[in-house]
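Going by my numbering, the sequence shown opens with residue 90, and the numbers climb by one from there.
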Amino acid sequence: MKAVIMAGGYATRLWPITKTKAKPLLPVGKKKIIDHIYEKLLPFDFEILVSTNLRFAEDFREWAKDKEVEVIVEETTKEEEKLGAVRALSEVTKGINDDVLVVAGDNIFSFTLEGFVRKFEEEKKPLIALYDVKDKELAKRYGVAVMNGERIVEFYEKPEKPLTTLVGIGIYALPEKVVKMLPEYVRGERKDNLGDFVSWLVSREEVLGYIFNDNWFDVGNPDSYIEAFKCYMKSYIAEDARIDETSKIIEPVVIEEGVEVRERSIVGPFAYIGKNSVIESSDISESVVFEDVILRKVKLWRSIVDEKCEIRNLELSSSIIGGHAKIQRGE
90 MKAVIMAGGY ATRLWPITKT KAKPLLPVGK KKIIDHIYEK LLPFDFEILV
140 STNLRFAEDF REWAKDKEVE VIVEETTKEE EKLGAVRALS EVTKGINDDV
190 LVVAGDNIFS FTLEGFVRKF EEEKKPLIAL YDVKDKELAK RYGVAVMNGE
240 RIVEFYEKPE KPLTTLVGIG IYALPEKVVK MLPEYVRGER KDNLGDFVSW
290 LVSREEVLGY IFNDNWFDVG NPDSYIEAFK CYMKSYIAED ARIDETSKII
340 EPVVIEEGVE VRERSIVGPF AYIGKNSVIE SSDISESVVF EDVILRKVKL
390 WRSIVDEKCE IRNLELSSSI IGGHAKIQRG E
């Protein structure tokens with residue numbers, strides 16, 4: 090069996106941050122989103138392929154340097170050019186004569202995959218990971234499964250009126266037979282996302298559902314990113330970080346190398362401060378601050394600030410600030 094991490098999207102709901110950073114490479118604590126997925130795949134000794142796009146190819150190759158993965162690049166650089174998930178998967182698996190485990194690259198989950206893989210190996214039928222979101226309004230955002238026992242009898246992508254609250258969570262085990270069906274699917278004029286492929290597959294094959302519990306986050310928007318951050322964050326403070334005696338750190342936090350925290354600042358809980366940033370007379374919590382940022386007299390809550398920004402005399406809540414911005418209120 091081979092494993093494929095799908096990481097070729099452009100994450101438009103997290104723009105402007107993801108215009109320059111691939112979503113799977115965003116930090117969650119000291120690790121990146123994709124690290125959490127990669128570590129869940131390691132126990133199986135599968136060959137691991139990462140499917141990404143040309144814009145972020147070098148970033149993924151840098152991430153993969155110390156890992157046993159192969160990075161496969163689709164020749165696209167922007168949202169309008171992207172192949173789509175099913176077409177990209179079809180390209181990645183071309184020539185593979187094996188079963189395939191597919192994991193979306195923006196998933197974060199606390200459960201292991203051992204039971205899922207074991208179930209697939211016993212049944213050798215397409216197996217779709219499901220999660221009960223317990224809310225039909227929330228279910229509208231996802232692919233929704235209707236079950237008869239273990240079998241998925243209907244699957245609707247983002248339905249207006251969900252029949253259940255069991256949603257697909259971007260983890261699929263596909264037998265070789267189904268992998269060989271991908272080119273047939275993408276040759277048609279069909280919607281090119283994995284949820285619609287599952288709908289198509291359900292009408293042709295016996296497809297099973299596997300319901301997971303514990304924590305799962307689809308990092309699709311700033312709120313879900315921050316919530317995942319809070320759930321998985323473990324404290325790390327670089328040895329060379331300079332924190333003066335008037336400032337306070339409330340763990341868990343990640344404070345990277347070269348950071349300065351000074352003049353009665355409060356950092357944390359659940360704050361990430363990127364390399365060489367300066368936090369002065371500021372209060373930062375439940376937020377992500379990338380490298381080379383200067384914050385002076387700023388109150389930041391549930392917000393994301395991209396690299397090389399300078400912000401002064403401001404309160405920001407539930408905000409995303411793009412890279413290189415300079416924002417100041419008053420003197």
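Each residue gets a CB set at the ideal place from its N, CA and C atoms; glycine is no exception.
Same chain, Cβ closer than 8 Å to Ser313, neighbours up to 5 away in sequence not counted:
Excluding positions up to five away in sequence, the list reads Phe306, Asp307.
Around the C-beta of Arg293, are 16 or more other C-beta atoms found within 10 angstroms, so that it is buried, or is it exposed?
Exposed is the call here.
Span of the beta strand (DSSP E) around Asn135
Looking at the sequence provided, one finds Phe at residue 135 rather than Asn. Annotation: Phe135 is outside any beta strand (DSSP E) and is labelled neither H nor E by DSSP.
Pro136 versus Phe198 - alpha carbon distance:
Per the sequence presented here, residue 136 reads as Glu, with Pro not at that position. Taking C-alpha positions only, Glu136 is separated from Phe198 by approximately 21 Å.
Could you check if Gly184 is buried or exposed, using at least 16 other CB atoms within 10 Å of its CB as the buried criterion?
Exposed is the label assigned to Gly184, since fewer than 16 other Cβ atoms lie within 10 Å of its Cβ.
Assess contact between the segment 323 to 332 and the segment 340 to 355, defined as three or more Cβ pairs (one per stretch) separated by less than 8 Å. Is contact present?
Contact between the segment 323 to 332 and the segment 340 to 355 is present, because at least three Cβ pairs lie under 8 Å.
Cβ distance (whole Å) where Val233 is taken to contact Tyr245 below 8 Å
The beta-carbon distance between Val233 and Tyr245, rounded to whole angstroms, is 5 Å. This is short enough to meet the 8 Å contact definition.
Just mark Arg176 as buried or exposed, buried being the case when its beta carbon has 16 or more other beta carbons within 10 Å.
By the neighbour-count rule (16 or more Cβ atoms within 10 Å), Arg176 is buried.
Taking the alpha carbon of Pro341 as the point to measure from, which residue in Glu334, Tyr361, Arg353, Thr335 has its own alpha carbon closest?
Distances from the CA of Pro341 to each of Glu334, Tyr361, Arg353, Thr335 were compared; the closest alpha carbon is that of Tyr361.
Checking 8 Å against the spacing of the C-beta atoms, do Leu114 and Lys120 come in under that value?
Contact flag unset, no.
For Glu159 and Ala153, what's the separation of their Cα atoms in angstroms?
If I take the Cα positions, the gap works out to 8 Å.
Would you call Thr335 buried or exposed, if buried means 16 or more other Cβ atoms sit within 10 Å of its Cβ?
Burial check for Thr335: the Cβ neighbour count within 10 Å stays below 16, so the residue is exposed.
Cutoff 6 Å; reference Ile484; Cβ partners in own chain excluding five residues on either side:
With the chain represented from 90 up to 420, any question about residue 484 goes unanswered, as that position is not in the structure.
So what does Asn237 bridge to, in DSSP terms?
Answer is Arg240.
Distance between Leu216 and Gly98 (C-alpha atoms, nearest Å):
Their Cα atoms are separated by approximately 23 Å.
Using CA coordinates, which residue listed in Arg276, Gly363, Val377, Glu226 is at the minimum distance from Leu103?
Ranking Arg276, Gly363, Val377, Glu226 by Cα distance to Leu103 puts Val377 first.
Runs of alpha helix (DSSP H) wholly within the segment 298 to 363 (minimum 4 residues, chain order):
Along the segment 298 to 363, the alpha helix (DSSP H) occurs as fully enclosed runs of 4 or more residues at 311 to 321, listed in sequence order.
Please name the residue in Asn402, Arg418, Glu396 whose C-alpha comes closest to that of Ile409.
Ile409 has its Cα closest to that of Glu396, out of Asn402, Arg418, Glu396.
Once the 5 residues before and after Glu249 are set aside, which same chain residues still bring their CB inside 8 Å of it?
Cβ-Cβ distances below 8 Å link Glu249 to Lys229 in the same chain, with the five nearest sequence neighbours on each side left out; the list follows chain order.
Selection from Val268, Asn186, Asn196 that minimises the alpha carbon distance to Ala318
It is Phe, not Ala, that sits at residue 318 in the sequence shown. Measuring from the Cα of Phe318, the nearest candidate turns out to be Asn196.
Does the beta-carbon distance from Ile339 to Ser354 come in below 8 Å?
No, the pair does not count as a contact, with Cβ atoms beyond the cut-off.
Please classify Thr201 as buried or exposed, where buried requires at least 16 other C-beta atoms within 10 Å of its C-beta.
Exposed, because fewer than 16 other Cβ atoms sit within 10 Å of the Cβ of Thr201.
For a quick check, are the C-beta atoms of Tyr274 and Val191 less than 8 Å apart?
No. Outside cutoff.
Give the list of continuous beta strand (DSSP E) stretches no shorter than 3 residues that lie fully inside the segment 183 to 236.
Whole beta strand (DSSP E) segments, 3+ residues: 189 to 193, 196 to 198, 216 to 221.
With a Cβ-Cβ cutoff of 8 Å, do Ser374 and Trp390 count as a contact?
Less than 8 Å divides the Cβ of Ser374 from the Cβ of Trp390.
Rounded C-alpha distance that separates Val387 from Ser371:
So the two alpha carbons sit approximately 5 Å from each other.
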